[in-house]
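Peer 1: Heads up, the sequence shown is in our numbering, so the first residue is 1061 and it goes up one at a time.
Supplied in structure tokens, the structure appears directly below.
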Amino acid sequence: MSKHTLSVILITKNEADRVERCLQSVAKVADEIIVLDSGSTDSTVEICHRYTYNVTSTDWPGFGKQKQRALAQASCDWVLSIDADEALDDTMAQALSNLLAQPTIKHTAYRLPWGVTLYGKTLKYGRSARSVLRLFKREGAAYTPDEVHETVIPAAGSTGTLKGFLLHYTHRDYGHGLDKAAQYAWLGAQKYHRKGKKSHGLLLALLRASWTFFHIYFLRRGFLDGSVGFIMAMTYAQVNFNKYVGLWLLEKGR
């Protein structure tokens, strides 16, 4: 029997083809599911209503502020933040259930190993071989207000790692991947500009992109993921290049 309660928070927009897989993976372990939808025109909201009554339609203030809104609605002891293109695998769902059943939980936050899954392959190396902080005690936690690549600041304490994988179905297809890469690069450029970060010119943008590819493909062994690993290393390099080009252009007022 669970001794600690869990709120699952989720932000959505036009995720009808993916959100049910996400919700199915958390339905048995969640005490409440909170969805903030920013104007879906497909059946996303209808699907979410099958799993929770707590679905709110809002505007879009950016990732960080939207997730903070969802967190503010949470009422349970712990919070799991999950995206519509993600799902707990069976091992992680069971590990989470076991954790909540413990009389005392050692840490105040947990990282979830990411299992990036695209083009028919779950990647195990490169940038994908990392864990993301998504499970945390509600009290004392808050999100940064960043437009993209927001961060949750958990309550003071230690951080553990949950067993299993948080499967991340990041791209519907290659075209969708290109669209997301462009969006994240531009949002990242705007975030850096707002924070006063400097681009230091186009040559450094090229060098940053080259280093990104080398770091992901060779140092983090992305080559072991085969052709998809190469595609992902190139994608991350392109995002980094475009982000700093965008920042350079913003600095020039163009």
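Glycine is no exception: its CB is placed at the ideal position from the N, C-alpha and C atoms.
#1: Thinking C-alpha only, which one of Gln1126, Tyr1111 and Arg1110 is nearest Ser1117?
#2: What span of residues does the beta strand (DSSP E) with Tyr1170 cover, start to end?
#3: Mind checking Tyr1113: buried by the 16 CB within 10 Å criterion, or exposed?
#4: Short check: CB of Glu1207 to CB of Gly1306, under 9 Å?
#5: Are the CB atoms of Trp1138 and Lys1073 within a distance shorter than 9 Å?
#6: Going by CA-CA distance only, name the one from Leu1222, Gly1256, Pro1205 and Leu1159 that's closest to Gln1128.
#7: Counting Cβ pairs, one atom from each stretch, are 3 or more of them under 8 Å apart for the region 1166-1181 and the region 1282-1291?
#8: Since Lys1303 contacts Ala1245 with CB under 8 Å, what's their CB separation in whole angstroms?
#9: Name the two residues that bound the continuous beta strand (DSSP E) containing Phe1322.
#10: Taking the continuous alpha helix (DSSP H) assigned at Val1086, which residues delimit it?
#11: Near Thr1230, which residues of its chain fall below 8 Å by C-beta distance, leaving aside the five closest residues on each side in sequence?
#12: With a threshold of 8 Å on Cβ separation, who are the neighbours of Ala1153 within its own chain once the five nearest residues in sequence on each side are excluded?
#13: Check whether the Cβ atoms of Phe1196 and Pro1173 sit closer than 9 Å, and answer yes or no.
Peer 2: Judging by the given coordinates:
#1: Here residue 1117 refers to the residue found at position 57 when the sequence shown is read from its first residue. The shortest Cα separation from Ser1117 among Gln1126, Tyr1111 and Arg1110 belongs to Gln1126.
#2: Counting from one through the sequence shown, the residue named residue 1170 turns up at place 110. Here the beta strand (DSSP E) through Tyr1170 covers Ala1169 to Leu1178.
#3: Here residue 1113 refers to the residue found at position 53 of the sequence shown. Exposed is the call here.
#4: Translated into the one-based positions of the sequence shown, residue 1207 becomes position 147. Translated into the one-based positions of the sequence shown, residue 1306 becomes position 246. Taking 9 Å as the Cβ cut-off, Glu1207 and Gly1306 do not qualify as a contacting pair.
#5: In the sequence shown, counting from the first residue as 1, residue 1073 sits at position 13. In the sequence shown, counting from the first residue as 1, residue 1138 sits at position 78. Result no, Cβ atoms of Lys1073 and Trp1138 do not sit closer than 9 Å.
#6: Position 68 of the sequence shown, counting from 1, holds the residue named residue 1128. It is Pro1205.
#7: Yes, they touch.
#8: The residue labelled residue 1303 in the question sits at position 243 within the sequence shown. The residue labelled residue 1245 in the question sits at position 185 within the sequence shown. The pair is a contact, with the Cβ atoms about 4 Å apart (cut-off 8 Å).
#9: Here the chain comprises residues numbered 1061 to 1314, so residue 1322 is not present and cannot be evaluated.
#10: Here the question's residue 1086 lines up with position 26 in the sequence shown. Its alpha helix (DSSP H) spans residues Val1079 to Val1086.
#11: Position 170 of the sequence shown, counted from the start, is the residue given in the question as residue 1230. So the qualifying residues of the chain are Asp1145, Val1176, Thr1177, Leu1178, Gly1237 and Lys1240.
#12: Taking the first residue of the sequence shown as 1, we reach residue 1153 at position 93. The residues are Ser1085, Val1086, Lys1088, Val1089 and Gly1224.
#13: On the sequence shown, position 136 is the one that residue 1196 refers to. On the sequence shown, position 113 is the one that residue 1173 refers to. No, they are not a contact pair.
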